[in-house]
Amino acid sequence: MNDFNAILTILTFTPVIGVFALLIMGRIGRNSDDEIRSVAIFTAISTFVISCLVLMMFDKGTADLQMVDRFMWIPQWGIQYYLGVDGISIAMIMLTTFISMLAIAASFPMIKENVKQYYIFMLLLETGMLGVFLAQDLFFFYVFWEFTLVPMYFLIGLWGGKERVYAAIKFFLYTMAGSLLMLVAILYVGIQADSFAVPEIIGTQFGGAENWLFLAFAIAFAVKVPVFPFHSWLPDAHTQAPTAGSVILAGVLLKMGTYGFMRFNLPMFPNASYYFAPAIAVLAVIGIIYGAIVAFAQTDVKKLVAYSSISHLGFVMLGIFSLNAQGLEGAILQGVNHGLSSGALFYIVGIIYEQRHTRQIEDFGGVWIAMPVFSIISLIITLSSLGLPGLNGFVGEFTILLGSAGSTALGPRPWIFTLFAATGVILAAIYLLWMFQRVFLGPLDKPENKALRDVNRGELAILLSFLLFIVWIGIAPSGYFAYMDTTADALIEYIRSASALVGG
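Here it is, written out as structure tokens:
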């Protein structure tokens, strides 16, 4: 079966066109770093514009895959070139192109060495991430999934901090090791279903192998999220990555894990999803509380934000395995929210690090006096991360807690999960406000801090771009839920009907 709708192919590979442009520039003469940056940001903006066209073409009233581009890629093995978008992936596509655009722009004053190579890796990473969210063939998906490791490895290893090589290798090995089990499971599923296309696999009965297949996929995705106890690679990667690398890592790459659970584990293994839901919810709640407690103990502000990601993504996992529409939609939206808020927090840390060359909380204090505009924006973003009503974080966390409280997939007392998860909101307020008070408030008594300048126009534009969606989602979330309603409802209905257990 062939379907030709080139818009998703154009979207996915537009960053590669930018890569070729950068490579050609080197062969036709010497080019300034500014020219290289111009090509990179033009490519990123073009990709974002194309994603906006996809959003405009998207039909919110159907749960089916849309704008499908499909043909047989390797006929001998039944492997297809298969791209499609639905209510689960549309939000991730928009998040990817938006965050990538801002990350490339944020890199302009921060990356001064090997500029061309840096932007080549950034654009290749964007193509890999888009492919992960659009691929509907398991083998095709796996190619993109593994491909994203390569540019991120080099971004950390070449442009990171003092321990960048250690962090890059640890990131690569952890995620690669987790993915090997998934590869074995993909081969088994493809042979049993006589197809690697996910829509054709759904409904296949795997008998006693279903639980093992679920676990093979789940471990790969759990490492990427990361779910406790597979999290130890994340703080090192975040701390050593360049600022834009941390923005993309928090903003998009971690969502590949949560997306994988929704795209593959839930529809392909519905019985196992119900069977393992309570156990995964326990790990999610542990991650929420553990990440918050460890974040409070950090003296490096970037590492604090890194551990906060473990806590916040615990909420996303809890929403997914509530196995009801409220939890699932809350998880999708909270993935977007985390990408915006944590991505913005990492950018904030990067701005102040570029001037002070330290991330130690004790080295700051009184920044509000020296950088008033920067501090006001930082406060709003911090409040969004801790879930203040009226900002984006509250909407996602509230919907997830609502879904978990009403989930029968989590046993006869689901409110226990909700109660413990809610403590994460309180803990987030403690460690984030503690961080803000130590860094921004108090007397301006350190000479180095007195020399800090406020944000320039470029930095302000990037911060306001984050802020636009942080506020917009907080006050008008219904428009965002509308894109995922139909797909989420259809997925939950299918899981309930396909599972031998009673749905939640």
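The numbering used here runs 898 ahead of the 1-based position in the sequence shown. Just so it is clear, CB atoms sit at the ideal spot from N, CA and C, and this is done for glycine as well.
Euclidean distance between Cα positions of residue i and residue j
i	j	result
N1163	I1178	12 Å
Y1205	G1291	17 Å
A948	T912	Inspection of the sequence shows that residue 948 is occupied by Ile rather than by Ala. If I take the Cα positions, the gap works out to 9 Å.
L1216	V1353	37 Å
M992	G1155	17 Å
G1189	M1333	15 Å
Y1017	A919	11 Å
A1120	F1128	7 Å
V1369	I1275	12 Å
L1071	P1341	44 Å
I905	L951	9 Å
M1050	F1019	8 Å
A1107	F1094	17 Å
K1344	I988	47 Å
W1043	F1194	33 Å
D967	I1230	24 Å
L1325	Q1103	43 Å
Y1251	A1118	33 Å
W971	I908	17 Å
P1375	G1285	14 Å
L1081	Y1040	8 Å
I1084	S1363	39 Å
F969	L981	9 Å
I1218	D932	44 Å
G1356	L1078	42 Å
Residues of its chain near residue i, where Cβ-Cβ distance is below 6 Å and the 5 sequence neighbours each way are ignored
i	result
P1124	L1132
A1142	A1001, A1004, S1005
F1037	I977, F1094
L1181	V1125, F1126
S1207	A1148, S1240
M1382	G985, E1227, I1230
Contact belief for residue i with residue j at Cβ below 8 Å, rounded distance in angstroms
i	j	result
V1337	I1259	6 Å
V937	G916	6 Å
F1045	G1026	4 Å
Q1224	E1295	Incorrect: roughly 12 Å between the Cβ atoms, too far for contact.
I1279	L1243	6 Å
T910	L1047	Actually they are not in contact, since the Cβ atoms of T910 and L1047 sit about 18 Å apart, beyond 8 Å.
P1168	A1396	4 Å
Residues near residue i in its chain [Cβ-Cβ closer than 7 Å; skip 5 each side]
i	result
I1186	S1209, G1212, F1213, A1319, G1322
E888	Residue 888 lies beyond the stretch modelled for the chain, which goes from 899 to 1402, so this question has no answer here.
A1288	Per the sequence shown, the amino acid found at residue 1288 is Gly instead of Ala. Answer for G1288: G1372, I1373, listed in chain order.
I997	V1145, I1146, G1149, V1150, G1237, G1241
A1268	L1342, N1347, K1348, L1350
Residues of its chain near residue i, where Cβ-Cβ distance is below 8 Å and the 5 sequence neighbours each way are ignored
i	result
L1389	A961, I986, M1160, L1164, P1165, L1226
Q1138	I1054, G1058, G1059, K1060, E1061, R1062, Y1064, A1065, A1066
D984	A961, D962, L963, Q964, T1385
L1032	L906, L909, T910, L981, G982, V983, S987, I991
Buried versus exposed call for residue i [16 or more other C-beta atoms within 10 Å across all chains shown]
i	result
Q964	buried
F946	buried
R990	Looking at the sequence shown, residue 990 is not Arg but Met. That one is buried.
R1062	buried
D1035	buried
D1134	buried
L921	exposed
D1092	exposed
K1010	exposed
P1270	exposed
R1311	exposed
N1222	buried
E862	Shown here, the chain extends from 899 to 1402; a query on residue 862 therefore has no answer.
G1264	buried
G1301	buried
M954	exposed
Whole runs of the beta strand (DSSP E) within the region 946–1015, excluding any shorter than 3 residues: Whole beta strand (DSSP E) segments, 3+ residues: 964–972, 977–983.
If you scan the region 1315–1349 from start to end, which runs of the alpha helix (DSSP H) of 4 or more residues do you find wholly inside it? Here the runs fully enclosed are 1345–1348.
Complete alpha helix (DSSP H) runs within the region 1178–1230 (minimum length 4 residues, chain order): List check, alpha helix (DSSP H) in window: 1199–1218.
Could you tell me which whole alpha helix (DSSP H) segments of length 4 or greater appear in the region 1134–1180? Uninterrupted alpha helix (DSSP H) stretches at least 4 residues long and entirely within the region 1134–1180 occur at 1141–1146, 1153–1158, given in chain order.
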